[in-house]
Amino acid sequence: MNRKILFQFIFLLSLVSQVNGQIGLNKARHAGSYLEIPVGIRAAGLGTAFVAVADDGSAFHWNPAGAALTKGKLISTEYSSLYGTLSDPLSTFIHTGFQMEFDKLGAVSLNWVRLSVDDIPFLLEVGNDPDTRKTGSALSLNNRSFFTNSQDAFYLTFSRNFTQVIDFGWQFFK
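When we follow my numbering, the leftmost residue of the sequence shown carries the number 1150, and every step to the right adds one.
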């Protein structure tokens, strides 16, 4: 009986947290939009068609059930310099993941995704007034302070391969 009450409590808690995250404040309209950046070079080349394959380290992003198709242990990494050169990017996208198959239990995958933007100028005097923004946008960046913004996401996925052989009654085909 205690397990049933605990399960119901966890279910209600997750439901409330999702509703609160969806309603939120209007200021957080674009939170988590960096999670739409495609993970994996092979997957990005195939586009959304990779959902059907999903058998490498980027399976957690495209189709988490595909993690069960990989054999053994797998470490995957990716570094992308976005909007700039490799030596001086405006932003960087990093993915690191570990995936391991258990014999009959399935596969577990742990992944970390990070998007970071460096050298953002800190301009207090610009403010939120549209007229001030127009005149203050050309302010000099000399002797200004800069800050960095980074967003992280951690994924823990579990998948299991279920196969069912259906015999149609034909002699050479199952």
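Virtual Cβ for every residue (Gly too), placed ideally from N, Cα, C.
If you're wondering where the values come from, they're calculated on a predicted model, not measured in any experiment.
Exposed unless 16 or more other CB atoms sit within 10 angstroms - verdict on residue 1183: Here residue 1183 is taken as the residue at index 34 of the sequence shown, counted from 1. By the neighbour-count criterion, in which 16 or more other beta carbons inside 10 Å mark a residue as buried, residue 1183 falls on the buried side.
Euclidean distance between Cα positions of residue 1266 and residue 1242: Working through the sequence shown from its first residue, we reach residue 1266 at position 117. Working through the sequence shown from its first residue, we reach residue 1242 at position 93. C-alpha separation (whole angstroms): 9 Å.
Burial state of residue 1310, where buried means 16 or more other Cβ atoms lie within 10 Å: Locating residue 1310 in the sequence shown gives position 161, where the first residue counts as 1. With fewer than 16 Cβ atoms within 10 Å of its Cβ, residue 1310 is classed as exposed.
Where the alpha helix (DSSP H) through residue 1193 begins and ends: Against the sequence shown, residue 1193 aligns to sequence position 44. Looking at the DSSP string, the run of the alpha helix (DSSP H) that includes residue 1193 is 1190-1195.
Residue 1223 vs residue 1206 beta-carbon contact at 8 Å: Your numbering for residue 1223 matches position 74 in the sequence shown. Your numbering for residue 1206 matches position 57 in the sequence shown. The Cβ atoms of residue 1223 and residue 1206 sit closer than 8 Å to each other.
Under the three-state DSSP convention, the category residue 1315 falls into: For the purposes of this step, residue 1315 is taken as residue 166 along the sequence shown, with counting starting at 1. Correct three-state label for residue 1315: coil.
Within 8 Å, strictly: CB atoms of residue 1307 and residue 1257: Residue numbering aside, residue 1307 sits at position 158 when the sequence shown is read from its first letter. Residue numbering aside, residue 1257 sits at position 108 when the sequence shown is read from its first letter. Their beta carbons are under 8 Å apart, which means residue 1307 touches residue 1257 by this criterion.
Near the ligand ADP: residue 1267 beta-carbon under 7 Å from a heavy atom: Absent from the structure shown: the ligand ADP. Ligands present: none.
Proximity to residue 1271 [Cα-Cα], best of 1254, 1220, 1294: Numbered from 1 along the sequence shown, position 122 holds the residue referred to as residue 1271. Among 1254, 1220, 1294, the Cα nearest to that of residue 1271 is on 1294.
Beta-ladder partner(s) of residue 1261, from DSSP: Your numbering for residue 1261 matches position 112 in the sequence shown. Assignment of beta-bridge partners to residue 1261 by DSSP yields 1245, 1303.
CA-to-CA distance, residue 1151 to residue 1160, given in whole angstroms: Here residue 1160 corresponds to residue number 11 of the sequence shown, with the count starting at 1. Here residue 1151 corresponds to residue number 2 of the sequence shown, with the count starting at 1. Roughly 14 Å between the two C-alpha positions.
Three-state secondary structure assigned by DSSP to residue 1186: Start at 1 with the first residue of the sequence shown, and residue 1186 comes out as number 37. Residue state, collapsed to three classes: coil.
Closer than 8 Å to chain C by CB, residue 1153: Structure shown: chain C not included; a single protein chain is present.
Rounded separation between residue 1287 and residue 1297 - CA only: Along the sequence shown, read from residue 1 onward, the residue named residue 1287 stands at position 138. Along the sequence shown, read from residue 1 onward, the residue named residue 1297 stands at position 148. The predicted model places residue 1287 with a pLDDT of 49, which falls under 50 and marks its position as unreliable, so this point remains unresolved.
Where residue 1235 falls, given that 16 or more other Cβ within 10 Å makes a residue buried: To locate residue 1235, count along the sequence shown from 1; it is residue 86. It counts as exposed.
Boundaries of the alpha helix (DSSP H) in which residue 1209 is found, first to last residue: For the purposes of this step, residue 1209 is taken as residue 60 along the sequence shown, with counting starting at 1. Residues 1208-1211.
Same chain only: Cβ atoms within 8 Å of residue 1269, ignoring 5 sequence neighbours per side: One-based indexing of the sequence shown puts residue 1269 at position 120. Once the five neighbours on either side are set aside, the close Cβ partners of residue 1269 are 1295, 1296, 1297, 1298.
Local conformation of residue 1231 per DSSP, three classes: Within the sequence shown, the letter at position 82 stands for residue 1231. Three-state result, residue 1231: strand.
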